[in-house]
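Chemist: Have a look at this one before I ask anything.
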Amino acid sequence: MAVNSTLVCIAVLLATSMLAIIVHKARLGTRIIYVCVIAACLIILGVAVFRLLGSPGSAATVTLPIGLPWIGARFRVDALTAFFQIVINLGGTAASLYALGYGEHEEAPGRVLPFYPAFLAGMNLVLVADDAFSYLIAWEFMSLSSWALVVAHHRDGENTRAGYIYILMASFGTLALLLAFGLLAGPGGSYGFGEIRSAQRADWLPGLVLILVLIGTGSKAGLAPLHVWLPLAHPAAPSHVSALMSGVMTKVAVYGFIRIAFDLLGPPAWWWSIVVLALGSATAVLGVLFAILQRDLKRLLAYSTVENVGIIFIGLGLALAFKANGMTAASALAFTAALFHVLNHSFFKSLLFFGSGAVLTATGERDIEKLGGLIHPMPQTAFAFLGGCLAISALPPLNGFVSEWLLFQAILLSPDLPQWGLKLMVPAAGAMLALGAALSAACFVRCFGITFLGRPRSSEAAAARETDSFSRSGMFLLLAACLLAGLLPGLVIDAIAPVVQAHIGGRMPAQAAIAWLSIVPIAESRSSYNGLLVFLFIGLSTIFAVQIIHRFASNALRRGPAWDCGFPNSDPATQYTADSFAQPVRRVFSDVFQARETVDMPAPGDPRPARLDIKLRDLIWDAFYAPIGRWIAYAAEKLNHLQFLTIRRYLSLVFGALVALLLMVAIWP
Amino acid sequence: MARSVLDIAHMLAGGLVLVSFMLLYQVRMFGLLNVFALHALVLSLSVAWQAFSQNAPHLYITATIALVLKAIIIPVALHRVVLKLGIHRSIETVGGIGPTMLAGMGLVALSMVVMLRAAAEADPLAREDLAFALSVVLLGLLVMVTRRNAVSQIVGFMSLENGLILAATGAKGMPLVVEISVAFSVLVAFIVIGVFLFRIRERFDTVDVQALDDFRGERR
Amino acid sequence: MVLVLILAPLLLGFTRKVKARMLRRQGPPLLQPYRDLLRLSRKEVVLAENASWLFRSAPYMIFATTWVAAALVPTFATGLHFSWTADLIAITALLGSARLFLALVGMDVGTSFGGIGSSREMMFASLAEPAMIMIVFTVALVAGSTQLSYVANFMLTHASLRVSLGMALIALIIVALAENARIPVDNPATHLELTMVHEAMVLEYSGRHLAVIEMASALKLLLYISLIVCIFFPWGIAPLGAAPSAYLPGLATYLGKLMVGGFLLVLFETSIAKMRVFRVPEFLGTALMLGLLGTLLLFVSRSF
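Right, dumping it as structure tokens:
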């Protein structure tokens, strides 16, 4: 039943996409499209919740007579799919709700509206695909529709280049996945997931497939060093699409990884987790370090997505390590933590992107160096954005803290792992995780502080106005979701349990029965956490403090100019800039950035201003991509000669190929 | 053996590793010599504790030798050498402090893995002490590798010796004769190196080994 | 909970008095911080014209999170009623949220001083917080739990000198110095631009808001000293399930340990100079390294 309704809704989404081509010029066209999308997403969401929380049932496969003639296209909804459907469609609903207001400011709706429902349809199709062919078709469809959305504003700035690099990396990822599925299907060509699950393979095959899958899904998720397209492409799209790409599409990639590594490949080898842990921790730290230095608000958020994807992969790596060693309870804990973080990240990252879209609409600026003081004209947006910043910095009692806490608890179980490589890798990954969490707090203090606090740094910022109610309601919906997930983590853990049970073979102890709604991941004596009570304590202490102070001490208040240590300066340029805020961190971690500072001081008597130039290098780009680009250009240059050969040369090429093939036939045993 | 006795032995060995880390990030000559004196002091405490816990009184002599020779005489003498050479103001390291510390951490991890694997059948607590000793040796080598100045390289070499002595006393039953010979060889090496240093300084006006390479005609 | 609230300004007064005595001054009376807080809270608040609602509400948030964190640390008895709601990691994160709010309000009024304070504070935090987490890992791997009551109980019953705990202690002392804005990281008594970090963030506060923030920083100092005392020097604390008659000696030993801790802190502060800002990352990097080394040792072998 779940599969059928999902397929119907996907068809509805595709139909909406067609409708958008006709309707986008109409006055209410935008609203109609987004309302249709909301309806479709809500239906899938409801069905998925029912599937996950209700009867486990049997996951039936529905086969449609499209696609490859000897398999058809198979679709199936099991617990993992249902969980990710919840994540995706909740994100889609919130984004469409937000877009009901935001979409009104779109000056070329014909470029965005047809592709938006198609994008959502593609993502949902990836989740329900049950054979390799439909999976890959859906994956490519998702990439193409998001590419169209990225280049929707192709006249602005670097968007064309962003789209180019995006499509390049997406195709590369699909190639890797194609190879992976080819290896999995084996010489018999059995592409159905059911057959792949039960196939017998050579010993070396699963390792190779894992590497290919890491490349394929990792590039889409944003795993270093394949993340370079993310900070270019995510900011280029309209804000609600950026939210979907960052918050939701990366999760589809994570789904792909989980589906193959945890489900289709069978029992994992222990060394897989080393690769995943290493890549995850490197991604986490690199992502947040680059995020701290960004001036573009959306690019900052995109790099922060890279960091959070790294955190998710750390959790998945731990789960693989425990699973390979048969430590089911610990594996369940790590897997639950990773899935919880998937959910959390989709909430708060979408919230933050909505906020950035609101700022963009209000001021027309994405550069935070030109913003400031927006908390006064946009108090509600500021409040929601602040909530998002608190959630992403992993602070109690919000949801980000719960998933990081669960990850730390999983790391504390790791000394029982027998392999030496893991014994050394896991503490290092734990240290990187902690470093990433602390740096992300610094990053979001900078982001919120420079954008919303202080004084306006430009006239656009001074003239900002609060956004419309649809945008705000989208943001507050996600903020409420963050708060609920933080206060009632036990419910979320129990909801995730069927997924964990299916793929790990064990689950975390049932949390719903614990007193006071705490969560106890392993045992009461080891550790426990109660989000609700922490929230209540903080709330009661605040109220108590406010009451005591206001009752017994003075209540008087007076406004005056800022103190500023006795040297007030009314020019907003004297306040701290974003670059200055990031400078200490940049100096401490200077080896990663290879930053070069040049100061151009004018001679005494020369009234021109001094200049400080900071040049940053992206080492991954210089080390990996630039040489590949150069090599390809070189090869293309050389191969170009093939265009200009004489007829005799062409004939000899044909002759040579024929002789070689005949030789092969002669020699082949 | 009582748990606390072994814990103190671990504590002292771990302290020696920590002092080796401190050697890594010293940039000034006098600081380096002071930390080396501390290194030798911790070593002698550790050896004395081993003497107490293994009931081997000859190790007390080893401890005293380490204390007197390496914690007092050699640092004072090197102090005077440094003053005479006039290099007490120079700051010389290869590579930043951050990467050096990370390399140090990696070496400690490596020695843990190697020792706990290679000596898998041995008594677990002696094995851990040996792992610490190997870390001290490797860190001493790292000090030698990341310094340009010949005097600092000598200090690195001495700390390496300290690690060997720690390893030797950790294993039960090493005779005093070997100890005396080790101490004497250290002394002789020091005298030789000291003589050479003065000759080099006389000749080239510097003890920077990089400059020596240039003189030899090898360009990097 | 009430105990920490009462004791925090007393601890502050004690440290100031001892510091003055060491510098051959008379020093303020012991109860001066109470008088200061009372005086501040009675004064009128002067707000900058462009201060936002965040500026006005943040002091209470900072105070509330610090107070909740401080109330979760066992002082004279290991079994606190609500210790199962939050463990060491949650305490670290609560202090992190207090710090985040403080850094945000530093940027609120839009002056350069606030920016300096926030920027430096977040740089220190980006190293101090991972160091703290590593210390938590080390302690948790030794004690088998991150819950402070269980940790304190374990340390009480299985007292032993261990290398990893020694490293964790040194690292925790370094982190405590950094987090509480003491010398050598920051000078709590200065208003010079080059040397301010914590003071720079609260420069624009006055009146009752400033009183609340001062109380929060006093609570933080008490929290860290109590943490060091309860994990590494737990003798005298009333164990889990002990009768209330054991509380009184527990309280007496706790007060004694606080005095010793305060005295040692002041001794250290008067014997060392404040570090240049960019030497502090090396200082904190040492703490991170020690914490990582401790965790690594415990991963490699349980008996370290």
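Chains as they are written, first to last, in the working numbering: chain A, 1146 to 1814; chain B, 428 to 647; chain C, 83 to 386.
Glycine included, each C-beta is placed from N, C-alpha and C at the ideal position.
Taking 6 angstroms as the limit between beta carbons, can you name the residues of its chain near A1378 of chain A, skipping five residues before and five after?
Modeler: For the purposes of this step, residue 1378 of chain A is taken as the residue at position 233 of the first sequence. Same-chain partners within the cutoff: V1295, A1307 and Y1311.
Chemist: What residues are listed by DSSP as bridge partners for N576 of chain B?
Modeler: On the second sequence, residue 576 of chain B is found 149 positions in, with the first residue counted as 1. In the DSSP output, where bridge partners are listed per residue, N576 of chain B has B:D635.
Chemist: Give the straight-line distance between the Cα atoms of A1297 of chain A and T272 of chain C, rounded to the nearest whole angstrom.
Modeler: Here residue 1297 of chain A refers to the residue found at position 152 of the first sequence. Here residue 272 of chain C refers to the residue found at position 190 of the third sequence. For A1297 of chain A and T272 of chain C, the distance between alpha carbons rounds to 54 angstroms.
Chemist: Which residues of the stretch 1727-1750 of chain A have a Cβ closer than 8 angstroms to any Cβ of chain B? Give them in chain order.
Modeler: The stretch 1727-1750 of chain A vs chain B, Cβ under 8 angstroms: D1736.
Chemist: Classify E1742 of chain A as helix, strand or coil using the three-state DSSP reduction.
Modeler: Taking the first residue of the first sequence as 1, we reach residue 1742 of chain A at position 597. Strand at E1742 of chain A.
Chemist: Using C-beta distances below 8 angstroms, list every residue in its chain close to L439 of chain B, excluding the 5 sequence neighbours before and after it, in chain order.
Modeler: As a working note, residue 439 of chain B is residue 12 in the second sequence. V469, L472, S473 and W476, listed in sequence order.
Chemist: Would you call A547 of chain B buried or exposed, if buried means 16 or more other Cβ atoms sit within 10 Å of its Cβ?
Modeler: Sequence index remark: in the second sequence, residue 547 of chain B carries index 120 (1-based). It is exposed - the Cβ of A547 of chain B has fewer than 16 other Cβ atoms within 10 Å.
Chemist: Which partner residues does R1219 of chain A have in the DSSP bridge list?
Modeler: Against the first sequence, residue 1219 of chain A aligns to sequence position 74. Looking at the DSSP output, R1219 of chain A bridges to A:T1208.
Chemist: How would you call I1812 of chain A, buried or exposed, if buried means at least 16 neighbouring beta carbons within 10 angstroms?
Modeler: Within the first sequence, the letter at position 667 stands for residue 1812 of chain A. Residue environment: I1812 of chain A is assigned as exposed (fewer than 16 neighbouring CB atoms within 10 Å of its CB, all protein chains considered).
Chemist: Candidates A:L1422, A:V1433 and A:F1467: which alpha carbon is nearest P1412 of chain A's?
Modeler: Counting from one through the first sequence, the residue named residue 1412 of chain A turns up at place 267. Closest option to P1412 of chain A, Cα to Cα, is A:F1467.
Chemist: To the nearest angstrom, how far is it from the Cα of L1225 of chain A to the Cα of N1304 of chain A?
Modeler: Residue numbering aside, residue 1225 of chain A sits at position 80 when the first sequence is read from its first letter. Residue numbering aside, residue 1304 of chain A sits at position 159 when the first sequence is read from its first letter. L1225 of chain A and N1304 of chain A: Cα-Cα distance of roughly 35 angstroms.
Chemist: Let me see if you follow: with CB-CB separation under 8 angstroms, is G1518 of chain A close to chain C or not?
Modeler: Translated into positions along the first sequence, residue 1518 of chain A becomes position 373. Chain C contact via Cβ: present.
Chemist: So that I know if they touch, is there some Cβ in chain C lying closer than 8 angstroms to that of W1550 of chain A?
Modeler: Taking the first sequence and counting its residues from 1, one reaches residue 1550 of chain A at position 405. Yes, W1550 of chain A lies at the interface with chain C (some Cβ there is under 8 angstroms from its Cβ).
Chemist: I need the straight-line Cα distance from L496 of chain B to L1461 of chain A, nearest angstrom please.
Modeler: On the second sequence, residue 496 of chain B is found 69 positions in, with the first residue counted as 1. On the first sequence, residue 1461 of chain A is found 316 positions in, with the first residue counted as 1. Spanning the two alpha carbons is a distance of roughly 55 angstroms.
Chemist: Would you kindly check if the distance between the Cβ of F158 of chain C and the Cβ of I319 of chain C is under 8 angstroms?
Modeler: Position 237 of the third sequence holds residue 319 of chain C. Position 76 of the third sequence holds residue 158 of chain C. Yes, they are a contact pair.
Chemist: Helix, strand or coil for L1757 of chain A, going by three-state DSSP, please let me know.
Modeler: The residue you call residue 1757 of chain A lines up with position 612 of the first sequence. Correct three-state label for L1757 of chain A: strand.
Chemist: Using a Cβ-Cβ cutoff of less than 6 angstroms, which residues in the same chain neighbour P141 of chain C once the five nearest sequence positions on both sides are dropped?
Modeler: What you label residue 141 of chain C is simply residue 59 of the third sequence in a count that begins at 1. So the list reads H291, V294 and I295, once near-sequence residues are dropped.
Chemist: Taking the continuous beta strand (DSSP E) assigned at V402 of chain C, which residues delimit it?
Modeler: Lying outside 83 to 386, the shown extent of chain C, residue 402 of chain C is not represented and no answer is given.
Chemist: Taking CB distances under 8 angstroms as the criterion, tell me whether V224 of chain C reaches chain B.
Modeler: Numbered from its first residue, the third sequence carries residue 224 of chain C at position 142. It does not: the Cβ of V224 of chain C has no partner Cβ on chain B nearer than 8 angstroms.
Chemist: Three or more C-beta pairs closer than 8 angstroms, one from the stretch 1252-1264 of chain A and one from the stretch 1679-1686 of chain A: is that the case here?
Modeler: no
Chemist: State the start and end residues of the unbroken beta strand (DSSP E) segment that holds A130 of chain C.
Modeler: Residue numbering aside, residue 130 of chain C sits at position 48 when the third sequence is read from its first letter. It spans V127 to A130 - the beta strand (DSSP E) in which A130 of chain C sits, taken as one unbroken run.
Chemist: Determine, using beta-carbon pairs with one atom in the stretch 111-124 of chain C and one in the stretch 1667-1674 of chain A, whether at least three such pairs fall under 8 angstroms.
Modeler: The stretch 111-124 of chain C is not in contact with the stretch 1667-1674 of chain A.
Chemist: Are at least three pairs of beta-carbons, each pair with one atom in the stretch 185-204 of chain C and one in the stretch 342-358 of chain C, less than 8 angstroms apart?
Modeler: no
Chemist: Take L1632 of chain A and list the residues in its own chain whose beta-carbon comes closer than 7 angstroms to its own, dropping the five residues that flank it on each side.
Modeler: The count along the first sequence starts at 1 and reaches residue 1632 of chain A at position 487. Hits under 7 angstroms: P1542, G1676, L1677 and F1680.
Chemist: Can you give me the Cβ contacts of A298 of chain C inside the same chain, cut-off strictly under 8 angstroms, excluding the 5 residues immediately before and after it?
Modeler: Reading the third sequence from its first residue, position 216 is the one you call residue 298 of chain C. Cβ neighbours of A298 of chain C beyond the five flanking positions: P141, I144, F145, T148, W149 and A180.
Chemist: From A241 of chain C to P316 of chain C, what does the alpha carbon distance come to, in whole angstroms?
Modeler: Taking the third sequence and counting its residues from 1, the one referred to as residue 241 of chain C is at position 159. Taking the third sequence and counting its residues from 1, the one referred to as residue 316 of chain C is at position 234. If you take the alpha carbons of A241 of chain C and P316 of chain C, they lie about 9 angstroms apart.
Chemist: Closer than 7 angstroms, Cβ to Cβ, to anything on chain C: give me those residues from the stretch 1692-1726 of chain A, in chain order.
Modeler: Near chain C, meaning a CB-to-CB distance below 7 angstroms, the residues of the stretch 1692-1726 of chain A are I1694, A1698, S1699, A1701, L1702, R1703, R1704, G1705, P1706, A1707, W1708, D1709, C1710, P1717, T1719, Q1720, Y1721, S1725 and F1726.
Chemist: Who does A1539 of chain A pair with in a DSSP beta bridge?
Modeler: Looking up residue 1539 of chain A in the first sequence gives position 394. Looking at the DSSP assignment, A1539 of chain A forms no beta bridge with any residue, so it has no partner.
Chemist: If we cut at 8 angstroms on Cβ distances, does Y1674 of chain A have a partner in chain C?
Modeler: Reading the first sequence from its first residue, position 529 is the one you call residue 1674 of chain A. Closer than 8 angstroms: yes.
Chemist: Which runs of the alpha helix (DSSP H) spanning at least 4 residues fall entirely within the stretch 461-505 of chain B, listed in chain order?
Modeler: 485-492
Chemist: What is the DSSP secondary structure of L1598 of chain A, counted as helix, strand or coil?
Modeler: Numbered from 1 along the first sequence, position 453 holds the residue referred to as residue 1598 of chain A. Three-state result, L1598 of chain A: coil.
Chemist: Are any of the Cβ atoms in chain C nearer than 8 angstroms to that of R430 of chain B?
Modeler: Against the second sequence, residue 430 of chain B aligns to sequence position 3. Interface residue, yes.
Chemist: For a test of the three-state rule: what should DSSP assign to A1469 of chain A, helix, strand or coil?
Modeler: Looking up residue 1469 of chain A in the first sequence gives position 324. Correct three-state label for A1469 of chain A: helix.
Chemist: Rounded to whole angstroms, how far is the Cβ of L380 of chain C from the Cβ of L223 of chain C, which I believe are closer than 8 angstroms?
Modeler: As a position in the third sequence, residue 380 of chain C is number 298, starting the count at 1. As a position in the third sequence, residue 223 of chain C is number 141, starting the count at 1. Right, their Cβ atoms sit about 4 angstroms apart.
Chemist: Out of A:G1361, A:I1356 and A:R1300, point me to the one whose CA is closest to W1284 of chain A's CA.
Modeler: In the first sequence, counting from the first residue as 1, residue 1284 of chain A sits at position 139. If we check each option's Cα against that of W1284 of chain A, A:G1361 comes out closest.
Chemist: Which whole runs of the alpha helix (DSSP H) in the stretch 1390-1471 of chain A are 4 residues long or more, in chain order?
Modeler: 1395-1403, 1415-1438 and 1442-1469
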